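Just add 75 to the spot in the sequence shown (first one is 1) and you have the working numbering. Each residue gets a CB set at the ideal place from its N, CA and C atoms; glycine is no exception. Given the structure is predicted, the values throughout are model-derived calculations rather than measurements.
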Amino acid sequence: MRCDGGGLKGARGRQGRAAVAVAGRWRRVAVILLALAYAASMLVVFLGGGAGGVAVAVAGAGALRQRGAPAPAGSVYRSHLVFDRLLPEMRASSASRPHPLMTPQNKKSGKRWAPCITKKLRRSELPPSNGFLIIEANGGLNQQRISICDAVAVASLLNATLVTPAFHLNSVWRDSSKFGDIFDEDHFIGSLSKYIRVVKELPEDAFVNFDHNISMIPNMRTKAFSSESYYLQKVLPKLLELGAVRIAPFSNRLAHSVPPNIQALRCFANYEALRFSEPIRMLGTNMVDRMIKMSSLTGGKYISVHLRFEEDMLAFSCCIYDGGWRESIEMENARERSWRGKFHRPGRVINPEANRRNGKCPLTPLEVGMMLQGMGFDNTTSLYVASGKIYNAEKYMTPLRQLFPLLQTKDTLASPEELAQFKGHSSRLAALDYTVCLQSEEFVTTQGSNFPHFLMGHRRYLYGGNAKTIKPDKRKLVALFDNPNIRWDRFKRQMQDIHRHSESKSFGVRKPNGSISIYTLPMPDCMCQRAEP
């Protein structure tokens with residue numbers, strides 16, 4: 076378990092198995108004492124630490140930086156001071172060049188990428204099925220997508236009939252949605268009918284062989300990123316023997332690199348067969364139309380931001396912001412509530428300063444606003460923010476709304492009546508965010524997770540290989556945000572350099588046997604190059 080935010084989703088999936096059975100009263104006492112000690116160290120920073128910051132060592136680890144020693148640039152959160160210093164200039168500054176949304180993005184010279192999945196798929200009459208493949212998709216919306224698309228590929232490898240994936244009711248996500256609540260199940264089955272067989276449930280004649288008990292079907296516990304040969308040598312014999320196999324959990328259980336026809340089917344499943352259910356599509360389309368109408372000052376174009384500033388994300392990152400003792404106690408309580416005991420094991424060290432310098436801390440709404448202002452997005456820009464429940468939203472969202480008064484979220488873009496059927500279902504709400512972000516002129520990612528990775532891949536698939544995504548180098552950002560005396564003209568130049576660099580990285584081709592999946596880089600597996608007209 077890292078204390079940097081990088082492994083949040085994997086940790087969520089493992090939290091139940093790692094629960095520590097200790098007496099509740101003593102644990103609460105320990106948490107309170109630790110939080111008080113943590114708060115005391117924070118007071119040193121805010122009341123007398125000067126440029127320094129106090130890195131917190133847990134479970135007897137030694138001091139990470141000597142008290143009074145200057146902190147390396149980017150170690151301490153001072154963005155609120157930079158904001159106060161630059162706000163008058165940001166408000167007074169007029170655009171010195173055309174609005175970024177009205178300026179054509181740089182295009183790669185030469186051939187253009189376009190979808191060509193059907194040309195890569197092999198079509199032939201399906202042979203008799205070897206049996207039924209049952210998988211359980213876990214995690215949030217896009218982790219479920221990975222499981223579904225990989226299951227389609229494995230079913231093809233095994234010549235198995237895929238049972239529509241079941242979704243694991245995770246104690247953190249708390250979403251009881253079924254496949255058909257999030258995705259168009261009939262479209263999924265029909266689209267794939269030429270390539271694999273898919274059924275909504277295990278037929279009675281097969282189910283009776285296992286006493287109508289799904290747990291009686293052998294669970295093939297496969298390792299992450301298992302190869303084609305593993306499935307053919309280990310899973311297929313069991314499937315032929317029993318007529319059905321189960322794989323649970325099934326997150327990232329297939330290698331990135333597989334035979335071209337299997338890879339093409341994976342692409343087809345993600346970009347063509349999987350579409351959201353009708354209620355999500357209808358509201359999502361209406362929300363996009365509303366964003367376009369609200370963006371008349373920029374030709375109907377808007378930008379979207381995936382903001383990861385929820386309490387659990389901040390707690391897991393172990394980063395320190397400007398909330399003082401209250402923040403430290405709330406973060407400690409959140410860590411204890413969701414990852415009981417994991418952050419206090421002997422030898423485990425929490426180093427907030429290093430996390431921030433290394434770009435592992437979630438950007439605050441204030442930091443996102445300053446970054447976009449510096450890039451040239453002014454207060455005429457329509458901004459859609461995709462997020463969960465923002466931590467201390469009244470405090471942290473106010474500066475962003477000051478800079479971008481045309482800011483919208485799903486809660487402001489849709490009425491309470493429209494959202495009523497989605498409330499309490501995090502994956503369905505995430506699907507609405509996904510839909511609006513997919514259609515934005517530019518997308519801004521602020522923290523690594525499946526959501527931006529899938530969106531970048533989907534945007535590349537739709538927009539000729541161009542993700543049209545701002546992915547800032549947070550190591551550079553935090554150094555700039557750590558300088559309360561920085562001048563606005565210098566800050567703007569740095570932000571515009573970051574924007575240009577993001578534009579140059581929006582194109583990308585997946586390397587064979589690489590660590591990046593087709594869900595992020597669909598070229599060349601899912602797309603082909605064509606000459607420009």
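- The straight-line gap separating the alpha-carbon atoms of G374 and L488 is approximately 19 Å.
- In the structure shown, the three-state DSSP call for C342 is helix.
- The beta carbons of I355 and L494 sit no closer together than 8 Å.
- For L488, the enclosing alpha helix (DSSP H) stretches over residues K485 to L488.
- Per the coordinates, the alpha-carbon of K586 lies some 9 Å from the alpha-carbon of S592.
- Separation of V283 and M406 (C-alpha to C-alpha, rounded to the nearest whole angstrom) is 50 Å.
- Here S154 is near E442, since their CB atoms are less than 8 Å apart.
- The DSSP-derived three-state label of Q604 is strand.
- A buried status is given to G449, since no fewer than 16 other beta-carbon atoms sit within 10 Å of its beta-carbon.
- About 11 Å separates the beta carbons of S266 and L340, which is beyond the 8 Å limit, so they are not a contact pair.
- According to the DSSP assignment, T520 belongs to the beta strand (DSSP E) that extends over E517 to T520.
- Straight across, the Cα-Cα distance linking P145 with V157 is about 19 Å.
- Per DSSP, Y509 lies in no beta strand (DSSP E); the unbroken alpha helix (DSSP H) holding it starts and ends at S501 to L513.
- Following the DSSP letters along the chain, one finds L458 inside the beta strand (DSSP E) bounded by residues L458 to A461.
- Of the residues F391, W400, P437 and V424, the one whose Cα lies closest to the Cα of A409 is F391.
- For F207, there is no enclosing alpha helix (DSSP H); the residue is part of the beta strand (DSSP E) that begins and ends at F207 to A212.
- For the pair V274 and G583, the Cα-to-Cα distance works out to about 36 Å.
- The residue among S457, S371, T439 and N433 with its C-alpha nearest the C-alpha of D397 is T439.
- D486 and H576 have their C-alpha atoms roughly 33 Å apart.
- In this structure, L329 lies near V229, with their beta-carbon atoms less than 8 Å apart.
- The C-alpha of F343 lies about 42 Å from the C-alpha of E411.
- Per DSSP, R187 lies in no alpha helix (DSSP H) segment; the continuous beta strand (DSSP E) that holds it begins and ends at R187 to P190.
- With a threshold of 16 other beta carbon atoms within 10 Å, P324 meets it and is buried.
- Between L277 and F351, the CB-CB gap reaches or exceeds 8 Å.
- Counted as a single uninterrupted DSSP element, the stretch harbouring I378 is not any alpha helix (DSSP H) but the beta strand (DSSP E) occupying residues I378 to H381.
- Listed in chain order, the alpha helix (DSSP H) elements of length 4 or more contained wholly in the segment 251–330 are 254–257, 260–267, 279–282 and 311–317.
- For L307, the number of other beta carbons within 10 angstroms of its own is below 16, and it is reported as exposed.
- By a beta-carbon distance limit of 8 Å, S413 contacts D387. Their separation comes to about 6 Å.
- Sixteen is the threshold: when 16 or more other Cβ atoms of the shown chains lie within 10 Å of the Cβ of Q338, as they do, the residue is buried.
- Rounded to the nearest whole angstrom, the CA to CA distance from N217 to F258 is 12 Å.
- In the three-state reduction of the DSSP assignment, L438 falls in the coil class.
- For V157, there is no enclosing beta strand (DSSP E); the residue is part of the alpha helix (DSSP H) that begins and ends at S154 to A167.
- Straight-line spacing of the CA atoms in K194 and A505 works out to 32 Å.
- Nearest to L315 by C-alpha distance, out of R272, D564, T236 and K498, is T236.
- Here L358 is not near A461, since their CB atoms are 8 Å or more apart.
- For G149, same chain residues with a beta-carbon under 8 Å away, outside a window of 5 residues either side, are R431, R432, R550, V553, A554, F556 and D557 in chain order.
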